[in-house]
Each structure stands twice: as C-alpha cells, then as structure tokens.
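These notes are about the structure you will find just below.
Protein chains: 2
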Amino acid sequence: MDIASRVYAHKWKIDPIVRSLIDTDFYKLLMCQSIFRNSPDANVTFSLINRTRSIRLAELVDEGELREQLDHIRGLSLTRGESTYLRGNTFYGKRQMFRPDFMEWFEALRLPPYHLEKRDGQYELTFEGKWPEVMLWEIPALAVLMELRSRAVMKGMGKFELQVLYARAMTKLWSKVERLRQIDGLKLADFGTRRRHSFLWQDWCVQAMMEGLGPKFTGTSNCLIAMRRDIEAIGTNAHELPMVQAALADTDADLLQAPYRVLADWHEEHEGNLRIILPDTYGTEGFLRRAPDWLAGWTGIRIDSGDPARGAETAIAWWKARGEDPTRKLVIFSDGLDVEKMEELQAQFSGRVRVSFGWGTLMTNDFRGLVPGDALAPFSLVCKAVSVNGRPTVKLSDNPNKAMGPADEVARYKRVFGVGDQAAMDVVV
Amino acid sequence: MDIASRVYAHKWKIDPIVRSLIDTDFYKLLMCQSIFRNSPDANVTFSLINRTRSIRLAELVDEGELREQLDHIRGLSLTRGESTYLRGNTFYGKRQMFRPDFMEWFEALRLPPYHLEKRDGQYELTFEGKWPEVMLWEIPALAVLMELRSRAVMKGMGKFELQVLYARAMTKLWSKVERLRQIDGLKLADFGTRRRHSFLWQDWCVQAMMEGLGPKFTGTSNCLIAMRRDIEAIGTNAHELPMVQAALADTDADLLQAPYRVLADWHEEHEGNLRIILPDTYGTEGFLRRAPDWLAGWTGIRIDSGDPARGAETAIAWWKARGEDPTRKLVIFSDGLDVEKMEELQAQFSGRVRVSFGWGTLMTNDFRGLVPGDALAPFSLVCKAVSVNGRPTVKLSDNPNKAMGPADEVARYKRVFGVGDQAAMDVVV
Chain A
1 MDIASRVYAH KWKIDPIVRS LIDTDFYKLL MCQSIFRNSP DANVTFSLIN RTRSIRLAEL
61 VDEGELREQL DHIRGLSLTR GESTYLRGNT FYGKRQMFRP DFMEWFEALR LPPYHLEKRD
121 GQYELTFEGK WPEVMLWEIP ALAVLMELRS RAVMKGMGKF ELQVLYARAM TKLWSKVERL
181 RQIDGLKLAD FGTRRRHSFL WQDWCVQAMM EGLGPKFTGT SNCLIAMRRD IEAIGTNAHE
241 LPMVQAALAD TDADLLQAPY RVLADWHEEH EGNLRIILPD TYGTEGFLRR APDWLAGWTG
301 IRIDSGDPAR GAETAIAWWK ARGEDPTRKL VIFSDGLDVE KMEELQAQFS GRVRVSFGWG
361 TLMTNDFRGL VPGDALAPFS LVCKAVSVNG RPTVKLSDNP NKAMGPADEV ARYKRVFGVG
421 DQAAMDVVV
Chain B
430 MDIASRVYAH KWKIDPIVRS LIDTDFYKLL MCQSIFRNSP DANVTFSLIN RTRSIRLAEL
490 VDEGELREQL DHIRGLSLTR GESTYLRGNT FYGKRQMFRP DFMEWFEALR LPPYHLEKRD
550 GQYELTFEGK WPEVMLWEIP ALAVLMELRS RAVMKGMGKF ELQVLYARAM TKLWSKVERL
610 RQIDGLKLAD FGTRRRHSFL WQDWCVQAMM EGLGPKFTGT SNCLIAMRRD IEAIGTNAHE
670 LPMVQAALAD TDADLLQAPY RVLADWHEEH EGNLRIILPD TYGTEGFLRR APDWLAGWTG
730 IRIDSGDPAR GAETAIAWWK ARGEDPTRKL VIFSDGLDVE KMEELQAQFS GRVRVSFGWG
790 TLMTNDFRGL VPGDALAPFS LVCKAVSVNG RPTVKLSDNP NKAMGPADEV ARYKRVFGVG
850 DQAAMDVVV
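Sequence order for the protein chains is A and B. Going by this note's numbering, the final residue of the first sequence carries number 429, and the count climbs one at a time with no gaps. Going by this note's numbering, the final residue of the second sequence carries number 858, and the count climbs one at a time with no gaps.
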C-alpha cells in the first residue's frame, strides 16, 4: 500500500458502512422516481422493526457509533460518476430509465433527519418526511444496523481468527455455488443488500457468484455493486407502493382499488421485464381474482411470502383462466430462499413457467454456525412505511407472521380484501 | 499497491519458490556447521526419491519451470540481514551458535550444480559434491517440487475458486488449532518446510498457530520464517549424519560404532536442548541397548519412525535402566503426526516425560479432500544422501517401509546392528 492511500484511509474518523447513495436496492430508485412524479408531497414515516426480539440491538450496538454512521449517510450525495451511470446506463434494455427532472432532484438530494431512541433493548429509529426522500433511508438504515451488529460481535476476535471466520463463510458460500451450478436453466440474482453481513462481504459474494455461476447469475439488486462490477442492476417494485396508496384511500371501495391504481401508474411508466406483479400485500388470491385483465398481460409475478409453490400454482391457474400462456411468464421467487428450496422450486416449475430467483439473506449473510452462540446468525430486521399523512399503513401478506399495522386496521383490511385464514410460516430472515 | 512495488514484482521472470538460503530447516544449518568442521571433504550424492510412485511428477511438473526454479536457487547467497541474524541471534539460549569461520564460508557459498533427468514419469534429481555444500540442497529441492506440483494443479482454477480453496484449507487448519489448544501442556513446533504446499501457505500456518496456540506453539524449523516472525528456530540433527558416517566405516566393528561417533562429536559441540538422540537410523532398540552411558545423560530423544508410543516406552525403560529420571527427559514426536495422534500421545506420556511435537506435512500441506481427484493431497517425497565417496548409504529405520539402500548392504547392516523382524507401517507423508 502506498503512503498516500494509507494516510487517506486514516483520515476517516469512522469506517463508514454506507459510502454511496446508490449503495441501495435498484428498485428503490425506480420506485423513488415513480413517487417523485406521482406523490412527491405525501408525508411518510418509515420505521425500523426488529422482528427477532431476542437480539437486543441496543445492547449490542453502541448508540454513538450508530449515530456516526447515520450522520455519515446524511452527508452523502450522488457523485458525478454515479450520476453519469444512472443517466447513461441501459437498465432492463432501456436507455434513460431515469428522467432528467428526477436526476436533477436526486443530484441535489441529502437524506432527511432521523429520529433515534432506545426502548426495551431495541432501537426505535424513524424517518419522517416527504415520501421520495425518506423512502431512501430504508436500505442504508438496515445495512448499517446489520453491519454494526456484525462488527460488535467480531470486535474481540484475533487477526487469524477473523481470517478463518471469513474463510469459513467463503467455504460455505462456495459449497452453495457448487450445488447451484448443477441446476439446469438456473437464473439467480443477488437480493441481499438489506440484510447483508457487510458491504465488503456482499461485494465478495457477488464476484464469487459471477465466477462460479457464470451466466446463471443474472445480476444484483445493489446499484453500486452493479455499477462497479459491470453487471445488471435488478429490481422492480415493492410493498411500499400499495401500502402507502392504500393508507391514502378514503373509502373501502377506494382501498380495494388502491393496489391496482399503483400498478396502472407502473404500467404507464414501464414495460417488459419491469412489469412484475407483487400480489401478496393484501393476499395473493383475492388480488388476482379481482385483477383487471391488462394485469394478466404483464410479464410476470414475484412471490415474496406464503408457501412459494402454492403462490406460483395460483399464478399459473390465474394466467390460464385469463387466456395467457404461463410458459411465457416469469415467476420470481424472493422469500427466504436457500439452495435446497431453489432446487425444489426449479424442479417443480421449470418448463411450466420461466423461473427466476432473488436470493437474499442466506446468500449475503449466512454466518449461521460460524461463531460460538451463533452470534452472527442473520435476523429479521425490516424498515417499513408505517404511516402516511397521519394514517397508519397495513400489510397483510400471505404469511400472518409478516403482517403489520394496528389491529383494528388489519381487521378492516382483511374484511375489505376478503382475506380469511392464512397459514403461518416462520420468518427466518 | 504502489507503482514501484508493482514494477518490481513484474521484473521477476519467474515467481521464485525459494528466495533465501535460510528458507530451510534450522537443523540443516546446525548439521552443516558440524560437517564443515568434521567432514568438509566427503563427497556425497543426494538424490530425490518419490515414494508415492502413483504421482508422476515429471508429467505434472514442467521440466523448464523446474530448471528455472533450481537455477534461481543456485543464484542465491546469504543476505546481509540473514547473516547478521545467524551471527547475532540467540538460538537455544546460546549466542554465536554459528562460529565465525563457518559464517564466512556460508556467506561465500553458492549451491553446487544439480543433475536432472526424467525417467518413467519421475524426475531423477541428484546433487553431488562436498557434503557441507550439497546437503543444503535437500530442503529447497523438496520445497520446489512440492510447490511446483501445487501450482500445476491450481493452474486452471478461477480467482474465486482459488480463494475458496485457501478458505477451505484455512478452515481445516483452524479446526485443528481449536482442538490442539484444548490439550493441556501441549508443546508443538512447525516441522513442515520440506513438504509444504507453498512458502506463503507455511508462513500463514505459522502465524495462525502463533495466534491460535499462543505459548503452546514453540517455534518453527524454518529458519527464514523464524527470523521474519521473530520466533524460535527449532531443530537438532537428522539421519544424514549417521548414514554418511556409517557408509564411511571400513569394518563391521567400525560400522557398529559409527552412530555413537556422530553423537560424540555432537556432544562436544552442543549442550542442553540440542542434545537430542535420534535413535532409529539402524533400529532404536539395539541402538539404545549398546549406547554408552554418557548418551543416557542427554536431554531427550526424537521418535521419527515405527510405532511412536512403543518408541517412547522403549526410551523410558532405557532411561530407567540407566538410572535416569524420565520425567526430566524430553520426547519429541515427529513422524507423520496429526491432531488425533498428538492427543493420544500427550494423554499417554504427559507427566511421565516432557512431551513435545514436531508437526510436519499435515500442518503445512493438509489439502486432502479439497480438490477433485484429491490432486493436492500431500505425498511422500524425500531427498536423501545416497552415497558417499562412492559407497552407498543405508537406512533401516523402525519401519521397513522407510528403509533405503542396496539390498545386500541393507542385509549387512541388519546383521551388524542385530535388527530382526520389524512391523511395517504405512508411510502417509
């Protein structure tokens, strides 16, 4: 290492976890642009939720360090190179995916303030403000907390003990790569930014997958890594769009239509592989049953909760009922995947639909079993839009363990969307 | 990396495996000094012997590359820093272990020519010349062939595949470290230079043991690594001393005394922990039975062939018979050790003698099971003094699978030394 690089590295008073505004999921940027056009003034609150209560984050992670990391993120702005990339790169086959007015706004953006308190061994971390601004906190906030937790656990480890820890993690990931490359026709992307062990580890995993899986690895949801490694940035849309629009609905009839209004906007903006339905926000079966016909013409569906095989079968039946050919449709599985589940799903659905996987936490954070007390095992941390213009948001999902919102509102949504009993499934990550 | 380092690294036309004359076992230097004084003009031939015939080295390793590596070694001479270290460092508690006349000779030394031919898929590599010069070829020749074989196997591997290979090897070594550190009173040194996977890997292993075992790790036989890592250089003497002296004996009576003459010279030169008997060259039991009483006063014994527990029991009984207290004696086990065997031996002999281990190939080259076809598994390569002044050398050992020499001479030695039936044991490494 030359002296200048070394001095430069020492100048940082902290070792920043998030060093770029595009170290985030690509779909956040697509959604941000959509929100920037359609709902720029909605006042939204995002909140961190640790579903794994047994991990007492506020006892593990120092508040001062957390604040330093969050403050560092507030100081970030889009660099010239990042802006050039977003403006000039071809995403999903399209040039100028990001419109000039959006890019100008994004170039000037700094993330808004955060609010941090400790309660009952957990951090209450919230972000309130204009939707297109606060929504960009989700991924960096999660990444910071995940990585600070990793750092806290690794603090006392020796140099070689640490090297061996990573050696073990590499060995583990590579064994998965060796199994995955046996799968004929596999298409898999990295969806693991939000709950990664660390940035450097995610970057290593992506490069290992590029070498180990070749064209079976289709890209990463992480925009910064996609840029640096010159691979595809992957992602479309997420639950926050219907959740916020639903909360804004004034009547039950309006509420029932909210998810489709969101997709009608999306339909106008995007085509091809960006037209992916995320049907589970208020129950997949009712959503598809009531869906307008133009939605059946979309390219595919993303299965993000519930039993994934059942979700895919439901979609196939629905396409057939609407006169569509399922073999031309894309099914993206993205919920809590690991190798065995992907092998099963590929075997069950290959040839019947175009299968694709978004592999998340168990790609970028499978440190299970690597340290005493399993202190580096991933856990279920999310950061969600919890209210908009003073009204609470609700998510039902196809798994009641993933539902959120005040009890009375959840009951109302279940009534409006006709959601009955659901099978509860463990949320691993 | 700065530009100058990079350009410097590129200037090498090859990537040299052995870059220093002291990248060798410390005992070679101690023996070399002894030979330099006692037998400087004996004409000795060393020869490479691959006991694992199934590994066809001449097909795996390119002859041009092998010659380049050997030629590079012929160009090496002691650097100023190395000389300062050898002259000034305290070895085994003694300053000026190496005498000025020896150091002057060593500073001027270049290794003599080698002779290389291919036969039957193997390399015939021999070194002929004055004993103190040719004997220094042993370790670098072995290290070069072992590492060229590793390189040949790894040639087609991708960058991340390679990283994972080393991750797996690290994981494996560290699991051993975690078991070893459970052993109360463990004393263990690295004896793995000659059959290491590579120089960098040995250096990594040594550092990992320093951190992982703390004071239970007592040092390394590798003089260069001992210097660089500031730990003890470990080693005393080896079979080549009695083998060459035995071959020089003119009568059977003279032959029978040869091993004791060697140790009488050693007794004069060294004291304390350097007075370690290596009894198995022509059979441990007879050697001890006939040994002069002053040998029973030596500090310890090294068990390098045969059943190690039996060897240690034989030594204990012998010490008792000679009125010595075994609990004050050192027993160094150094033959084909791995963790389980060390656990067993420590349990059996702790408290009865001072136990110590010289851990070799399965520390610095346990790549078993890490690549398809086990193509990186260590194998049994040695480089031995095969003749002196035109007479063949003989080794019997406590394991007939380790014996060497022409059949008629082996028969004569067995008769002279009274060696009967021996239990054959597999030679793993």
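Cβ atoms here follow ideal geometry from the backbone N, Cα and C, with glycine treated the same way.
If I follow the unbroken alpha helix (DSSP H) through residue i, where does it start and stop?
| i | result |
| --- | --- |
| His544(B) | It is not in any alpha helix (DSSP H) - His544(B) instead sits in the beta strand (DSSP E) that spans 544-548. |
| Ile568(B) | 567-583 |
| Ser512(B) | 509-517 |
| Ser334(A) | It is not in any alpha helix (DSSP H) - Ser334(A) carries neither H nor E in the DSSP assignment. |
| Phe589(B) | 588-609 |
| Leu617(B) | No alpha helix (DSSP H) contains Leu617(B), which is instead part of the beta strand (DSSP E) from 617-619. |
| Gln636(B) | 628-642 |
| Ala836(B) | 836-846 |
Return the CA-CA distance between residue i and residue j, expressed in angstroms with no decimal places.
| i | j | result |
| --- | --- | --- |
| Leu148(A) | Ser579(B) | 39 Å |
| Leu698(B) | Ala537(B) | One detail in the question is off: residue 698(B) reads as Glu in this sequence, not Leu. Between Glu698(B) and Ala537(B), the C-alpha separation is close to 23 Å. |
| Asp41(A) | Lys159(A) | 50 Å |
| Ser785(B) | Leu142(A) | 51 Å |
| Glu562(B) | Leu653(B) | 19 Å |
| Lys384(A) | Val429(A) | 15 Å |
| Thr314(A) | Glu285(A) | 7 Å |
| Thr236(A) | Tyr92(A) | 10 Å |
| Ile612(B) | Val410(A) | 59 Å |
| Arg482(B) | Leu810(B) | 10 Å |
| Gly628(B) | Met575(B) | The amino acid occupying residue 628(B) in the given sequence is Phe; Gly does not appear at that position. Their backbone Cα atoms lie some 10 Å apart in a straight line. |
| Lys13(A) | Gly369(A) | 33 Å |
| Tyr85(A) | Leu116(A) | 33 Å |
| Met103(A) | Cys32(A) | 11 Å |
| Met586(B) | Glu211(A) | 11 Å |
Assuming contact is defined by CB atoms lying nearer than 8 Å, are residue i and residue j in contact in what I supplied?
| i | j | result |
| --- | --- | --- |
| Thr793(B) | Arg625(B) | yes |
| Asn273(A) | Leu213(A) | no |
| Trp359(A) | Leu188(A) | yes |
| Thr622(B) | Thr453(B) | yes |
| Trp748(B) | Ala725(B) | yes |
| Thr251(A) | Ile234(A) | no |
| Pro737(B) | Leu774(B) | yes |
| Ile732(B) | Asp764(B) | yes |
| Val144(A) | Ile17(A) | yes |
| Gly475(B) | Glu553(B) | Per the sequence shown, residue 475(B) should be read as Phe rather than Gly. Result no, Cβ atoms of Phe475(B) and Glu553(B) do not sit closer than 8 Å. |
Give a yes or no on whether 8 Å exceeds the smallest Cβ distance from residue i to chain A.
| i | result |
| --- | --- |
| Ala637(B) | yes |
| Glu640(B) | yes |
| Gly587(B) | yes |
| Gln611(B) | no |
| Glu714(B) | no |
Is residue i near the ligand SAH, going by C-beta to nearest heavy atom under 7 Å?
| i | result |
| --- | --- |
| Leu538(B) | Looking at this structure, you won't find the ligand SAH or any other ligand, since it has none at all. |
When you compare the CB of residue i with every CB in chain B, is at least one pair closer than 8 Å?
| i | result |
| --- | --- |
| Glu343(A) | no |
| Thr171(A) | yes |
| Gln202(A) | no |
| Ala167(A) | yes |
| Val339(A) | no |
| Val164(A) | yes |
| Trp174(A) | yes |
| Glu161(A) | yes |
Which first and last residues belong to the beta strand (DSSP E) in which residue i is found?
| i | result |
| --- | --- |
| Gly558(B) | 551-559 |
| Val784(B) | 783-788 |
| Arg731(B) | 729-732 |
In three-state DSSP terms, what is residue i?
| i | result |
| --- | --- |
| Ser650(B) | coil |
| Pro821(B) | strand |
| Ile73(A) | helix |
| Ile464(B) | helix |
| Ala42(A) | coil |
| Leu274(A) | helix |
| Phe455(B) | helix |
| Asp398(A) | coil |
| Asp307(A) | coil |
| Phe367(A) | coil |
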